[in-house]
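To start, the structure itself, in structure tokens.
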Amino acid sequence: MPKNQARAFTRPSASLIAGISALVVAAAGATSVGAQAVDGSRESSQVATQKAEDNGMHAGTDGLGPYLTRDGKPIQVSRGNGRAALNELRQARLEAAAERQVVERKKALSKLAALAEERADELKLEEWVLPISGYDITATFGASSSLWSTTHTGLDFAATYGTPVASVATGIVTEVGSAGAYGNRVIVTHEDGSETWYCHLDSYTVSTGDQVSPGTQVGAVGMSGNTTGPHLHFEVRPSPDVPVDPYGVLAEHGLEP
1 MPKNQARAFT RPSASLIAGI SALVVAAAGA TSVGAQAVDG SRESSQVATQ KAEDNGMHAG
61 TDGLGPYLTR DGKPIQVSRG NGRAALNELR QARLEAAAER QVVERKKALS KLAALAEERA
121 DELKLEEWVL PISGYDITAT FGASSSLWST THTGLDFAAT YGTPVASVAT GIVTEVGSAG
181 AYGNRVIVTH EDGSETWYCH LDSYTVSTGD QVSPGTQVGA VGMSGNTTGP HLHFEVRPSP
241 DVPVDPYGVL AEHGLEP
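Here it is, written out as structure tokens:
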């Protein structure tokens with residue numbers, strides 16, 4: 001064939017055209033099926049996820065534990081009320097946490113109350129009070145008079161006959177009885193070993209060995225012993241043979257006779 005001669009065009013046969021059309025249709029069908037498969041896979045994944053969530057709701061879990069009410073009973077969950085159940089669970093947990101906080105707070109307050117009471121008892125041990133009320137001071141420590149063989153060793157509180165006389169501090173009654181010029185006397189020994197004396201009493205209201213607190217009555221004002229009128233002769237002795245000025249000791253404890 002000469003180089004410049006055009007090739008003759010040959011019309012494709014009917015069978016060839018039919019074959020090509022079949023291939024196109026087949027390819028289009030494959031594409032459609034593939035797209036449907038992808039969409040179907042997505043739908044299957046969504047359905048599986050939903051089923052898992054539904055199953056989780058029916059099983060009563062959300063990854064944190066079973067859905068329980070405050071009384072410990074499981075919550076009946078369905079697809080329709082799953083969200084409400086989760087909200088109820090969260091609310092129940094919040095309320096349970098609040099209740100635990102209340103319990104812990106009550107425990108803490110109870111402990112503080114016990115400590116406060118203990119401290120109050122300690123302060124009670126340290127507390128002092130005046131031995132008598134409704135009085136006049138008629139003689140002070142160190143005064144001189146023909147009434148005493150030496151200088152005055154205490155503080156005199158003149159009061160009406162029978163006026164109650166009280167222990168000034170916590171201690172133990174170590175002596176009750178007549179003591180010569182002191183008349184009827186009560187001696188209270190305190191925790192530090194010091195003594196307080198209550199003299200010229202008309203009567204006693206305690207016995208040896210009794211535990212007394214500040215304000216506990218030990219007797220009543222009288223005129224027993226060496227006296228010219230009803231009064232309480234009160235002494236403070238750091239040791240049995242060494243009297244000190246009661247006024248100063250009372251002042252150290254915030255009291256002013």
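Each residue of the sequence shown is one higher than the one before, counting from 1 in the working numbering. All residues carry an ideal CB built from backbone N, CA and C; glycine is no exception. Note that the structure is predicted; figures quoted are calculated from it, not measured.
Residues bridged to LEU201 by DSSP?
-> DSSP, once it has assigned bridges, lists ASN184, VAL221 as partnering LEU201.
I think SER224 touches LEU201, with their Cβ atoms under 8 Å apart; what is that distance to the nearest whole Å?
-> Between LEU201 and SER224 the Cβ distance is about 6 Å, and since that is below 8 Å, they are a contact.
Same chain, Cβ closer than 8 Å to ALA294, five either side skipped, listed in chain order = Since the first residue of the chain shown is 1 and the last is 257, residue 294 is not available in this structure.
Between GLY215 and GLU99, what straight-line distance do the alpha-carbon atoms span, to the nearest angstrom?
-> C-alpha separation (whole angstroms): 45 Å.
Option nearest TYR161 by Cα separation, candidates HIS231, ARG237, VAL236 | Of HIS231, ARG237, VAL236, the smallest CA-CA separation from TYR161 is found for HIS231.
Can you tell me the Cα-Cα spacing of THR170 and PRO246, whole angstroms?
-> Answer to the nearest angstrom: the Cα atoms are 16 Å apart.
Could you check if GLU235 is buried or exposed, using at least 16 other CB atoms within 10 Å of its CB as the buried criterion?
-> Burial call: buried.
Backbone secondary structure at ALA84 - three-state DSSP | Here ALA84 sits in helix by DSSP.
Cβ contact (3+ pairs, closer than 8 Å) linking the region 141-157 and the region 204-211 = The count of Cβ pairs closer than 8 Å, one atom from the region 141-157 and one from the region 204-211, stays below three, leaving the stretches out of contact.
Which residue from ALA85, SER239, THR227 puts its Cα closest to that of ALA139?
-> Distances from the CA of ALA139 to each of ALA85, SER239, THR227 were compared; the closest alpha carbon is that of THR227.
Can you round the beta-carbon distance between VAL188 and VAL173 to whole angstroms, since I take them to be within the 8 Å contact cut?
-> Sure, about 6 Å apart at Cβ, within 8 Å.
First through last residue of the alpha helix (DSSP H) which encompasses VAL322 = Residue 322 is absent from the structure shown; the chain starts at 1 and stops at 257.
Same chain, Cβ closer than 7 Å to PRO164, five either side skipped, listed in chain order | Within the same chain, PRO164 has close Cβ partners GLN217, ALA220.
Using the beta-carbon count (16 or more within 10 Å), is LEU89 buried or exposed?
-> So LEU89 ends up on the buried side.
THR196: buried (16+ other C-beta within 10 angstroms of its C-beta) or exposed?
-> A buried status is given to THR196, since no fewer than 16 other beta-carbon atoms sit within 10 Å of its beta-carbon.
Using three-state DSSP, classify VAL103 as helix, strand or coil.
-> Secondary structure of VAL103 (DSSP, three-state): helix.
Could you give the distance in angstroms between the alpha-carbon of LEU344 and the alpha-carbon of GLU252?
-> The structure shown does not extend to residue 344, since the chain spans only 1 to 257, so no value can be given for it.
Helix or strand or just coil, what does DSSP make of ALA169?
-> Note: ALA169 maps to coil in three-state DSSP.
Classify VAL206 as helix, strand or coil using the three-state DSSP reduction.
-> Correct three-state label for VAL206: coil.
Close Cβ partners of ALA143 (< 6 Å) along its chain, the five nearest in sequence each way excluded | In the same chain as ALA143, and ignoring 5 residues on each side of it, the C-beta atoms closer than 6 Å to its own belong to HIS152, in chain order.
Whole-angstrom C-beta distance between LEU130 and PRO257, which should lie under 8 Å | The Cβ separation is near 6 Å, so the contact holds.
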